[in-house]
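These notes concern the structure reproduced below.
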Amino acid sequence: MYLSKLFIPLLKENPSEAKIKSHQLMLKTGMIKQSSTGIYSWLPIGFKIMKKIEKIVREEQNKIGAQELLMPTIQSAEIWKESGRYDDYGEEMLRIKDRQGKDLLYGPTNEELITEIFRSSVKSYKSLPQILYHIQWKFRDELRPRFGVMRCKEFFMKDAYSFDLDDDKAKESYNKMFFAYLNTFKRLGLTAIPMSADTGPIGGDLSHEFIILADTGESKIYADKRIFDIDINEHQNNQPSINNLRRKYDNFYAVTDDKFKKEDFTSKVNKNNQLTTKGIEVGHIFYFGDKYSKPLKCSVDLKDGKKVYVKMGSYGIGVSRLVGAVIEAKFNNNIMKWPESISPFDVVIIPSLQKKDDLNFEKSKKIYDFLKNSNIDVLFDDTEDHLSAKFKKFDLIGIPYQIIIGSKSGENQFEFKEINGKTDILTIEEIKNKLNKKINSN
RNA sequence: CGGGGCGUAGCGAAGCCUGGUAUCGCGGCUGGUUUGGGACCAGUAGAUCGCAGGUUCAAAUCCUGCCGCCCCGACCA
3 MYLSKLFIPL LKENPSEAKI KSHQLMLKTG MIKQSSTGIY SWLPIGFKIM
53 KKIEKIVREE QNKIGAQELL MPTIQSAEIW KESGRYDDYG EEMLRIKDRQ
103 GKDLLYGPTN EELITEIFRS SVKSYKSLPQ ILYHIQWKFR DELRPRFGVM
153 RCKEFFMKDA YSFDLDDDKA KESYNKMFFA YLNTFKRLGL TAIPMSADTG
203 PIGGDLSHEF IILADTGESK IYADKRIFDI DINEHQNNQP SINNLRRKYD
253 NFYAVTDDKF KKEDFTSKVN KNNQLTTKGI EVGHIFYFGD KYSKPLKCSV
303 DLKDGKKVYV KMGSYGIGVS RLVGAVIEAK FNNNIMKWPE SISPFDVVII
353 PSLQKKDDLN FEKSKKIYDF LKNSNIDVLF DDTEDHLSAK FKKFDLIGIP
403 YQIIIGSKSG ENQFEFKEIN GKTDILTIEE IKNKLNKKIN SN
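Structure (structure tokens):
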């Protein structure tokens, strides 16, 4: 892609409405545009990053055997009346009437709908266990949206739902999701900690929030530092290994504000290991048994002919929120560096260009075509901005690798720079190999 | 929803108190000079001052209503 052709409305100054760095950066680099309070349009660069995050989330869900489907954004109020949440959910639910006066709502979550789908098609214990998920827009009419895409009304979320026969099996599904989440966040270049949390309006008695550390986070957290030493790579994708991983995390104290008790913290965690900080919630998993299957009468027949309500859990990841969360975690010293796995481009060519027919343009074009033909997603800054202006620009856009075409390299040599890191003089082949290695390691 | 604040060109601001038909920087466009950390010169385009009503000879400025947006709080992925 040539930069001159890319729809990327860059801003030089901070828009006055943005108060935190991820929001400012997303506006400055033309990733999003606010449409109304808490509602955003996603412009090409922002959309591309979000899609890459979505892809990783999807792959990790599929790995644990979850199956993707797609439920609508607009739901009928009927099933919500059945579960009792039509009244309980409150003002956060956006209620709509169609022209016949029928009560509809823009889905804030999907427990009711998935349960309705499941109960109408599954009748036998033989069909369990099952995990279903979708990645879809949600709407919650927040009292006060803020922080750009981190806390908005309309947001893109992966939500999964597990169906099991009994508590023990259900907890195995829960643990699978626990494992998938840790792998997902790791691939996004994030360190996420699972923490015991309150269940809120979803309900249930077992719940973990997955939190990444960031000063601007809304969640206050208390944890045992040793929790960061757990290596998920030591665990395989099978139930015993997954259960074992869950147990490892349970050994260390880690809670959010609402579950915090000072006595517990001081008695369970050695003073040197006590960590009190702030973080951003990027995922939340719940086990709530028959809370929805019972009122919605979602049961299956057992071997002996008896009926049992299915045991359910639900599992969310804020995909759109993650875009902002990654920036909060990765933006430092006014330089953004996207993890390779979700960068809007693999590499950018930054030439000094006086005129389009300059030798630098030919040299850039040569490596651009070569890399592009090698399936590398490359951006070519073909504008005539000053080189120094280009550097500033790409400090914000955050593409992790740069090829600089200026006066510091010979005819068949290229300056290859890792953003915020060191510069090497390499040949065209060496660059290709290096990039392929970086890309394929994700 | 309570408290506070803001709305002037694509972006950031000044002007408003003390009414006289809009100013500056960035960005855009043209030409020239520059070229390794947001360069310089010259020229040029771009605003029914959030909307509606009122006061006045005259309203960005004063008054009323509405809309939109931001911040703090309570609440939440």
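Following the working numbering, the numbering of the first sequence begins with 3 at its first residue and continues without gaps.
Backbone N, C-alpha and C fix where the C-beta goes; we use that ideal spot for every residue, glycine too.
Model, not experiment: these values are computed from the prediction.
Check, Outcome
"Terminal residues of the beta strand (DSSP E) in which S391 lies", "Residue 391 is actually Ala in this sequence, not Ser. Run containing A391: none in the beta strand (DSSP E); it sits in the alpha helix (DSSP H), 389–399."
"As assigned by DSSP and simplified to three states, the class of F212", "strand"
"For K128 and I41, believed in contact at Cβ under 8 Å, the rounded distance", "Their Cβ separation, rounded to whole angstroms, is 44 Å, which puts I41 and K128 out of contact at 8 Å."
"Residue from N438, I405, K440 with nearest C-alpha to L428", "I405"
"Local conformation of F149 per DSSP, three classes", "coil"
"Anticipated Cβ contact below 8 Å, F180 with I287, distance rounded", "7 Å"
"Separation of P11 from I352, as counted between CA atoms", "18 Å"
"Identified DSSP bridge partners for F416", "L428"
"Terminal residues of the beta strand (DSSP E) in which T279 lies", "276–291"
"Best match in T111, T31, M197, S126 for proximity to S308 [C-alpha to C-alpha]", "It should be noted that the sequence gives Lys, not Ser, for residue 308. When only C-alpha atoms are compared, the closest one is S126."
"Whole-angstrom distance between L190 and D168, CA atom to CA atom", "33 Å"
"For Y294, the three-state DSSP class (helix, strand or coil)", "coil"
"Nearest-angstrom Cα separation, counted from R249 out to K99", "47 Å"
"Local conformation of R142 per DSSP, three classes", "coil"
"K222 (DSSP reduced to helix, strand or coil)", "strand"
"Residues that N334 bridges to, as DSSP identifies them", "I337"
"Assumed close pair I399, I337 - CB separation to whole angstroms, cut-off 8 Å", "At roughly 10 Å, the Cβ-Cβ gap does not stay under 8 Å, so I399 and I337 are not in contact."
"Cβ-Cβ separation, A172 to K313 (assumed contact under 8 Å), whole Å", "4 Å"
"F2, buried or exposed, once every other Cβ within 10 Å from all chains shown has been counted against 16", "Only positions 3 to 444 of the chain appear in the structure, and residue 2 is not among them; the question remains open."
"Residue burial classification, T278 (beta-carbon count within 10 angstroms, cutoff 16)", "exposed"
"Beta-carbon spacing of E114, Y294 below 9 Å", "yes"
"Cut-off 6 Å between Cβ atoms - residues of its own chain near L184, not counting five sequence neighbours on either side", "I234"
"Nonlocal neighbours in the same chain, by C-beta distance under 6 Å from L324, ignoring five residues either side", "I55, V284"
"Given I214 as reference, the closest of P196, L208, Y108, D207 once Cα atoms are compared", "P196"
"Pair within 9 Å by beta-carbon distance, M3 and F347", "yes"
"Reduced DSSP category for G467 - H, G, I as helix; E, B as strand; rest coil", "No statement about residue 467 is possible, as the shown extent of the chain runs from 3 to 444 and does not include it."
"Close Cβ partners of E144 (< 8 Å) along its chain, the five nearest in sequence each way excluded", "G40, E94, R153, C154, K155"
"Cβ-based burial, L72 [other Cβ within 10 Å; buried from 16]", "exposed"
"At least three beta-carbon pairs within less than 8 Å, the segment 378–398 to the segment 226–241", "no"
"Backbone CA spacing between S366 and Q238 [nearest angstrom]", "44 Å"
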